[in-house]
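Working notes, beginning with the structure itself.
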Amino acid sequence: MSDKPSKSTLPPIAEIIKGMLFTAIILFFISPDSYTHLPFGRGDSAWFFLSGKAWMNGMTPYVDFSDSKGPLLWLIYGIGYLISPRSYHGVFWISVLFYYVTFLFTYKTIKLFLTKKYWALGATAIMPLAYFNPLLHYEIRAEDFCLTFMVISLFLLCKTLYGREIPDVQILSRRSFTMGACFMAILLIKFNIAAMQAVLSLFLLIYSIRYIRFAREMVWMAMGAAVIAAPFIVYFAAVGNLKSFINEYFLLTFQTTDHWTDTSHFIFGYMSLNTLPVAITVFVVTLSGVLMAVRYLSRWRYIPLIAFLIIFTLSLQNATCTYYFCNVAPFLLFLVIGVVLFIDRQTRDTYKVRRIISVLRPVIILMILVLCVYANIEATDKVGNIRWQDNSKKEEYKNITSEMTKKKKPTIVYFSFLDAYDVPCDALPGCKYFARQDGELPEMLEEAREACRNGQPDFVMAKADDNDTHHFLLSCQYKPIKEGRHLGVRLYAKQ
């Protein structure tokens, strides 16, 4: 690969606008958070939004409400809520910003190896197919926000290992500091993904050994991590929930994960049988790309391969859903790099070739964009939440939420799969464990049931065919008021 240096300057304003526009167009059509979709038909992002909303309304994280996710994720969704309280549109614009940075550092990483700008831009334009692969990706969730910090970390590692210039003391320390900050940002979103970023940080530390700087770079990484962690620690200490944060986010999450994975549906206690075909496909395709790129490296040749194998193995942990493999998507850039380098070496770099590529690049980028959007819409068409669709689910959702909007800032508890019924009415959690999660402990379910016995939540959502919960709620003086047959839910209110 070429060692031609590239200036690490911020892109000019025109390039920023084009990058933001490219990102916004893709997310506008495929993100459930955008203006093209209604709020319902989602999963984890409904948890995150309700938690962020609760925080912004003065409730205390890990005390008044809790889940197995970190406070930075709730802060992101909380800011999205402040921007647009009764929709996900605020989260949409935050995700556009995050994905712009993701694509920017994807481009900067590719540019290390493909020094011709037209090749690098074309290669970057292909990466939405990796990041928004409908086999793996549907809604914007924790993995998407972690992806930004993973791509930044991958760029810093590649810049250090494969850049032409040997980083001096100050540059290496800045990179270590940034790697530490990225690690902590991911840790405060979803801590198991932080273990994957730690693999990239470890290789940077291994690189520093040759300059007898291992301990010094460890300190810089710790300082970067501390800068991100400090505001949360200070805030939690001030409001008195620091102990609850540690117990709920770290200790209790390990317990629920162990409880969740104790099932015959897992292979060796790690991966769900349902995700096996996708896991094999991701592994084979990504491994092929990494091996293709390795042959063009002149030094540190097997670092991308080793890093991919470790991170893929970590992704198998508790991989009950295909989106767990979104964490290895950045490594597909090596497939794109390998293919482009092969094509570049088969064609002579003449003015004519460069001119043809320059003319075709916008067309190719448009085709990729259309393909990515079409594949995602086609894959999720049955969800029924696209605005131009006319279906029973949409009518049922409007019917249920219209009943809830009659009360100002009601509270809600979910005994069904959590969806965004609380968004139009600006509802808040009705208890600490406001929804049932995979691997929940008996005491977590009992806490929600006790809240219903005491009449805490204004509304309760349950599965339409859950007779046990139905009789329990009747005994707690809750009556069914709305039902969505196609959505499979029933809404209860206090009598």
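Numbering-wise, my numbering puts 267 at position 266 of the sequence shown, and it's gapless, one number per residue. Even glycine gets a Cβ: it sits at the ideal position worked out from N, Cα and C.
Annotation for T323: L136, L137, T276 and V279 place their beta carbon closer than 7 Å to its own, counting only its chain and skipping 5 residues before and after.
Between the segment 162-180 and the segment 404-413, the count of Cβ pairs shorter than 8 Å is below three; the stretches do not touch. The continuous stretches of alpha helix (DSSP H) do not include P481, which lies in the beta strand (DSSP E) extending over residues Y479 to G485.
The segment 391-402 and the segment 48-61 do not touch, with fewer than 3 CB-CB distances between them shorter than 8 Å.
Taking F106 as the centre and dropping the five residues before and after it, the same chain places the C-beta of V152, I153 and F156 closer than 6 Å to its C-beta, in chain order. Scanning the segment 406-433 for uninterrupted beta strand (DSSP E) segments of 3 residues or longer gives 412-415, listed from N- to C-terminal end. The Cβ atoms of T110 and C147 lie no closer than 8 Å to each other. Look at the beta carbons and you see the segment 475-491 touching the segment 445-457: at least three pairs across the two are nearer than 8 Å. Rounded to whole angstroms, the separation of the alpha carbons of K191 and A226 is 15 Å.
Residue pairing by DSSP puts H38 in a beta bridge opposite I387. Around the Cβ of G241, a 10 Å sphere holds fewer than 16 other Cβ atoms; the residue is exposed. By the 16-neighbour rule on beta-carbons within 10 angstroms, D459 is buried.
Taking a cut-off of 8 Å for Cβ pairs, the segment 314-330 and the segment 85-105 do not touch, as fewer than three such pairs fall below it. In the three-state reduction of the DSSP assignment, K495 falls in the strand class, which pools E and B.
The way I'd put it, the segment 238-255 does touch the segment 64-74; three or more beta-carbon pairs between them come closer than 8 Å.
Straight across, the Cα-Cα distance linking M405 with C426 is about 6 Å. Less than 8 Å separates the beta-carbon of D145 from that of S96.
The continuous beta strand (DSSP E) containing A463 extends over residues F460 to K464.
Annotation for S85: G91 place their beta carbon closer than 6 Å to its own, counting only its chain and skipping 5 residues before and after.
F66 is bridged by DSSP to P62. Around I304, the same chain offers L158, L162 and F204 as residues with beta carbons nearer than 8 Å, after the five sequence neighbours per side are excluded.
Counting other Cβ atoms within 10 Å of its Cβ, Y36 stays below 16 and is therefore classed as exposed.
Excluding sequence positions up to five before and after S417, its CB lies within less than 6 Å of the CB of M462, A463, K464 and V490, all in the same chain and listed in chain order. The segment 63-151 is shown to contain whole alpha helix (DSSP H) runs of 4 or more residues at 72-84, 90-114, 118-127 and 129-132, in chain order.
Proximity to K383 across P13, D34, Y139 and F99 peaks at Y139, based on C-alpha coordinates. Spanning the alpha carbons of K244 and Y82 requires a straight line of approximately 26 Å. For F41, the closest of G385, L372, H472 and I210 by C-alpha to C-alpha distance is G385.
I213 places its beta carbon 8 Å or farther from that of A186.
Counting along the chain, A294 sits inside the alpha helix (DSSP H) bounded by residues L277 to V295. Going by C-alpha positions, D423 is about 37 Å away from F332. Residue nearest to M128 within the set I365, P33 and L73 is I365 (criterion: CA-CA distance).
Closest in C-alpha terms to S209, from the list R176, G339, L22 and M445, comes R176.
With respect to F309, V329 sits close: the two C-beta atoms are nearer than 8 Å. Judged by their CB atoms, I401 and K483 are nearer to each other than the 8 Å cut-off.
Nearest to R486 by C-alpha distance, out of A15, D467 and Q496, is D467.
Residue pairing of A436 in beta bridges, as defined by DSSP: Y415.
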